[in-house]
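Colleague:
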């Protein structure tokens with residue numbers, strides 16, 4: 004597949020790195036030569052083109068006419084829309100634009116944009132807001148994803164010293180009965196992601212990823228020693244578009260306080276947000292103000308300013324006040340390992356979220372959803388076993404799966420099942436695959 008990406012910022016760069024593992028023909032264009040130089044330094048195989056994506060001449064130089072997909076992910080929404088319109092008229096088969104306006108996604112407007120050449124659009128702030136809402140609804144989980152419409156779930160849980168599973172081998176936890184209920188598909192230990200085998204141990208401070216049916220969430224929560232407090236009060240630092248969307252998606256019974264330093268913006272927010280949202284014109288880094296506004300009674304603290312350092316420090320401060328759940332927006336990807344090491348709670352990065360959503364439409368296999376894990380170089384994918392594909396030929400234990408991927412569960416005739424060694428994958432089964440970045444290109448061998 005030939006893909007042209009306009010914008011060598013963090014979204015475009017991360018997307019290009021992901022696609023390079025699939026050996027697609029990738030062109031990245033940007034007006035800034037220094038951004039493009041990153042690819043040659045990092046060894047990512049792409050064709051760099053210096054140019055403006057709203058220039059027909061520069062688009063022609065990037066060979067947009069031969070593109071199967073044109074993706075515009077510059078920071079400017081108008082640039083992305085214009086670039087997609089031009090690319091479509093120059094011959095690109097499909098176009099994808101990053102936008103900042105939710106109104107564009109409404110059904111009537113979607114049709115309008117399709118007519119002018121914009122095939123698909125992505126609004127990263129909305130996707131990030133939905134992840135924040137999920138984090139608050141499942142406060143005991145570090146990460147939580149519903150797969151196959153919620154029939155299976157994948158949960159990331161931080162293991163503490165006092166957990167009953169600490170220092171246990173997986174073979175001790177996966178008795179025949181338990182194995183059918185949940186499956187520990189991965190362990191993140193410090194900076195390493197491990198696809199575990201039966202002899203591996205779970206250690207304190209590990210982040211474990213468990214696939215299960217929804218029925219066993221409470222059992223897994225109890226097994227890992229997690230509480231699930233009733234979310235009644237939430238404090239949000241920063242009145243960003245993500246904060247606005249998250250406030251609108253959260254249940255009405257939750258009291259929300261948004262701290263915003265700009266007086267003008269505070270007035271606008273107070274006029275547009277629901278009645279359960281109170282706007283505080285002040286700085287949430289002011290500990291005296293936080294105490295005054297009830298931080299000690301809040302169950303969650305969400306830091307959504309543009310400054311990753313401020314967000315991380317604010318979450319650490321909130322934890323010292325006894326807040327159970329903290330969520331930090333960390334847009335500088337280099338800061339994510341620091342956030343993990345400091346154990347601040349959930350991390351939101353809308354650029355990684357955007358890149359993974361775009362990536363899901365590019366795999367050759369039948370993929371209905373691909374999720375890039377914010378805290379790890381890994382993916383969880385929903386794939387369909389095609390008739391005659393290798394994955395259907397033998398029991399799972401005899402497939403000789405690579406060590407960097409594992410099968411977490413499947414949906415067969417609408418019924419979810421956790422996969423065991425003796426499981427035979429059948430054609431048209433919907434299979435959940437957890438894999439490291441190094442394994443993405445291997446999926447085709449098994450599912451195509």
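Residue numbers (my numbering): 4 to 451. No residue lacks a Cβ here, since even glycine has one placed at the ideal position from N, Cα and C. Just so it is clear, the structure is predicted and the values come from calculations on it, not from any experiment.
(1) Could you name the residues that DSSP lists as bridge partners for residue 351?
(2) Which runs of the beta strand (DSSP E) fall wholly inside the region 16 to 65 and span at least 3 residues, in chain order?
(3) What did DSSP end up calling residue 12 once you bin it into helix, strand or coil?
(4) Please confirm whether residue 54 and residue 87 have their CB atoms less than 8 Å apart.
(5) Please report how far the alpha carbon of residue 43 lies from the alpha carbon of residue 13, in whole angstroms.
(6) Between the C-alpha atoms of residue 49 and residue 72, what's the straight-line distance to the nearest angstrom?
(7) Indicate whether residue 242 and residue 210 have their beta-carbon atoms separated by less than 8 Å.
(8) Is the beta carbon of residue 32 sitting closer than 8 Å to the one on residue 70?
(9) Count the C-beta pairs between the region 214 to 228 and the region 310 to 321 that are closer than 8 Å, then say yes if the count reaches three, no if not.
(10) Taking residue 427 as part of the beta strand (DSSP E), name the residues at either end of that continuous run.
(11) Going residue by residue through the region 182 to 237, where are the continuous alpha helix (DSSP H) segments of at least 4 residues, counting only ones entirely within it?
(12) Run through DSSP, which three-state label would residue 326 get?
(13) Tell me which residue opens and which closes the alpha helix (DSSP H) that residue 295 is part of.
(14) How far does the beta strand (DSSP E) with residue 409 in it reach, from first residue to last?
(15) Go ahead and pull the three-state DSSP assignment for residue 7.
(16) Within the same chain, show all residues whose beta-carbon is closer than 7 Å to that of residue 325, passing over the 5 residues directly before and after it, in chain order.
(17) In the DSSP assignment, what residue or residues form a beta bridge with residue 101?
(18) Evaluate residue 60 with the Cβ neighbour count: other Cβ atoms within 10 Å of its Cβ, from every protein chain shown; 16 or more gives buried, anything less gives exposed.
(19) If we ignore side chains and look at the alpha-carbon of each, how far apart do residue 380 and residue 220 end up?
(20) Rounded to a whole number of angstroms, what is the C-alpha to C-alpha distance between residue 97 and residue 56?
(21) Can you give me the Cβ contacts of residue 288 inside the same chain, cut-off strictly under 7 Å, excluding the 5 residues immediately before and after it?
(22) Please go through the same chain and pick out, in chain order, the residues whose beta-carbon is closer than 8 Å to the beta-carbon of residue 398, but skip the five residues on each side of it.
(23) The alpha helix (DSSP H) with residue 80 in it runs from where to where?
(24) Report the rounded CA-to-CA distance for residue 170 versus residue 293, giving the unit in angstroms.
Modeller: If we stick to the structure as given:
(1) Along the chain shown, read from residue 1 onward, the residue named residue 351 stands at position 348. Note: residue 351 sits in a beta bridge opposite 332.
(2) 28 to 33, 50 to 53
(3) As a first step, residue 12 must be located in the chain shown, where it is residue number 9. Here residue 12 sits in coil by DSSP.
(4) If you number the chain shown from 1, residue 54 lands on position 51. If you number the chain shown from 1, residue 87 lands on position 84. No, the pair does not count as a contact, with Cβ atoms beyond the cut-off.
(5) The sequence position of residue 43 within the chain shown is 40, counting from 1. The sequence position of residue 13 within the chain shown is 10, counting from 1. Answer to the nearest angstrom: the Cα atoms are 16 Å apart.
(6) Taking the chain shown and counting its residues from 1, one reaches residue 49 at position 46. Taking the chain shown and counting its residues from 1, one reaches residue 72 at position 69. Near 15 Å, if we compare the C-alpha coordinates of residue 72 and residue 49.
(7) Counted from its first residue, the chain shown places residue 242 at position 239. Counted from its first residue, the chain shown places residue 210 at position 207. Contact: no.
(8) Position 29 of the chain shown, counted from the first residue, corresponds to residue 32. Position 67 of the chain shown, counted from the first residue, corresponds to residue 70. Taking 8 Å as the Cβ cut-off, residue 32 and residue 70 do not qualify as a contacting pair.
(9) The region 214 to 228 makes no contact with the region 310 to 321: fewer than 3 CB pairs, one atom from each, lie closer than 8 Å.
(10) Residue 427 sits at position 424 when you count from the first residue of the chain shown. Run containing residue 427: none; DSSP gives neither H nor E here.
(11) 220 to 226
(12) Here residue 326 refers to the residue found at position 323 of the chain shown. Residue 326: coil per DSSP, three-state reduction.
(13) Locating residue 295 in the chain shown gives position 292, where the first residue counts as 1. 290 to 295 is the span of the alpha helix (DSSP H), which, as asked, contains residue 295.
(14) For the purposes of this step, residue 409 is taken as residue 406 along the chain shown, with counting starting at 1. Note, residue 409: beta strand (DSSP E), 408 to 415.
(15) Counting from 1 along the chain shown, the entry for residue 7 is found at position 4. Strand.
(16) Walking along the chain shown from the start, residue 325 turns up at place 322. So the qualifying residues of the chain are 299.
(17) Locating residue 101 in the chain shown gives position 98, counting from the first residue. Residue 101 is bridged to 125.
(18) Residue 60 sits at position 57 when you count from the first residue of the chain shown. Looking at its Cβ environment, which holds fewer than 16 other Cβ atoms inside 10 Å, residue 60 is exposed.
(19) Residue numbering aside, residue 380 sits at position 377 when the chain shown is read from its first letter. Residue numbering aside, residue 220 sits at position 217 when the chain shown is read from its first letter. When rounded, the distance between both Cα atoms is 25 Å.
(20) What you label residue 97 is simply residue 94 of the chain shown in a count that begins at 1. What you label residue 56 is simply residue 53 of the chain shown in a count that begins at 1. C-alpha of residue 97 to C-alpha of residue 56: approximately 15 Å in a straight line.
(21) Translated into the one-based positions of the chain shown, residue 288 becomes position 285. Result list for residue 288: 313, 317, in chain order.
(22) Here residue 398 refers to the residue found at position 395 of the chain shown. The beta carbon of residue 398 lies closer than 8 Å to those of 424, 425, 426, 427 in the same chain, with the five residues before and after it left out.
(23) Taking the first residue of the chain shown as 1, we reach residue 80 at position 77. Element bounds for residue 80: 80 to 93.
(24) Taking the chain shown and counting its residues from 1, the one referred to as residue 170 is at position 167. Taking the chain shown and counting its residues from 1, the one referred to as residue 293 is at position 290. Cα to Cα, residue 170 sits roughly 38 Å from residue 293.
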